[in-house]
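Right, one structure below, let's go through it.
In my numbering, the protein residues as written are 2 to 413.
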């Protein structure tokens, strides 16, 4: 296992603070510059506010306009487009959405105006061999509903806008004017809540560009499982049900899935909706995804005595029974993916690392010591899948067999 750097140790502390607030702020990407210090030059990209978005109601939680960052492609990649949804959790009621409206995850007014493009957004062929010269876009996240909601909440004179679907429409319309309409190859991707968004909008983008471009999609750490927590309660089910109801997501869920399920919130879980998707997709996920481990599988409510606290802080502190319990999370992941094994349109990189989001950080996307399965880095397998260069499904052996992991949780 690569040594845990000082930056990575700070990342663990930041991660713990983030999940303690109930709002996931993806901190993994912050480690990439340190991991590649002296090797990777930072590419800083300006933010673009979508003009006229407010006229269609496409606004962030606080009413500010949606935003994205675009670095234009060149040469042979000038008609290739990579769109990356930012991640950052969800809000499922008035209190949590009002809280987000006062953060960068709910207001473009509070966002960093410059973003580092690293990993699959890098413009360095040595760091991102297949997509470095494409048009690369980071779509900022400010609706709290994986770009799928369409509702608002009024309390006196204050309004919270859950307009993720309209934000998606407005950004795509603007990007069409900037060349996306003439694309030949497109990859729609995203991390965490953004990874979930790729599933919601993949077929829509494919339909908009049908006959013009090849459209494929990748979800990084966005395959959230419908599992009970260790106390037998449906923590994540209840939470996602709240997101779907409060944000008005129902009408934007996959219709084939909604028609075949009893409760519409089930279609927020991709294991129930993947069969309904037309476009090719790639699932990049850890079988021990740390967000799902901390928030869904062993949430604080399921561990009132704090018996998992030490295990969450250091893997070496996990008891044999706790490791066995975590193997159950991996088993649930593999069972949900089993129906798609061997399908040519489906790519997979399912490793046994305690991680969350591996495409935006250079150290995990493509580097000398990045995670590998059968000697293939994530970037290599994703490229093989997109360009149909060969088999593109890799599933890791159980923890602790993989020595290439970059674990968010330290080993000791």
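No residue lacks a Cβ here, since even glycine has one placed at the ideal position from N, Cα and C.
Counting the other Cβ atoms within 10 Å of the Cβ of residue 260 gives fewer than 16, which makes it exposed. DSSP, read as helix, strand or coil, puts residue 85 in strand. Here the stretch 268-286 makes contact with the stretch 214-224; the two share three or more CB pairs at distances below 8 Å. With respect to the C-alpha of residue 79, the residue from 46, 368, 124 and 85 having the closest C-alpha is 124.
Nearest in C-alpha terms to residue 273, of all of 296, 280 and 200, is 200.
At the C-beta level, residue 106 and residue 89 come within 8 Å of one another. Counting only runs of 3+ residues, the beta strand (DSSP E) found wholly inside the stretch 118-188 occupies 136-140, 152-156 and 159-163, in chain order. Non-local beta-carbon contacts of residue 407 in its own chain, meaning distances under 7 Å to residues more than five positions away in sequence, involve 3, 354, 356, 364, 365 and 372 in chain order. Within a 10 Å sphere around the beta-carbon of residue 233 sit fewer than 16 other beta-carbons, which makes this residue exposed. A contact is defined here as three or more CB-CB pairs under 8 Å, and the stretch 56-65 fails this definition with respect to the stretch 125-138. For residue 260, the enclosing alpha helix (DSSP H) stretches over residues 256-261. Here DSSP, grouped into helix, strand and coil, assigns residue 65 to coil.
The stretch 289-307 and the stretch 255-269 do not touch, with fewer than 3 CB-CB distances between them shorter than 8 Å. Between the C-alpha atoms of residue 323 and residue 289 there is a straight-line separation of about 13 Å.
When DSSP states are grouped into helix, strand and coil, residue 336 belongs to the helix group.
Counting C-beta pairs with one atom in each stretch, the stretch 202-209 and the stretch 187-194 have three or more that are closer than 8 Å, which means they touch.
In the three-state reduction of the DSSP assignment, residue 215 falls in the strand class.
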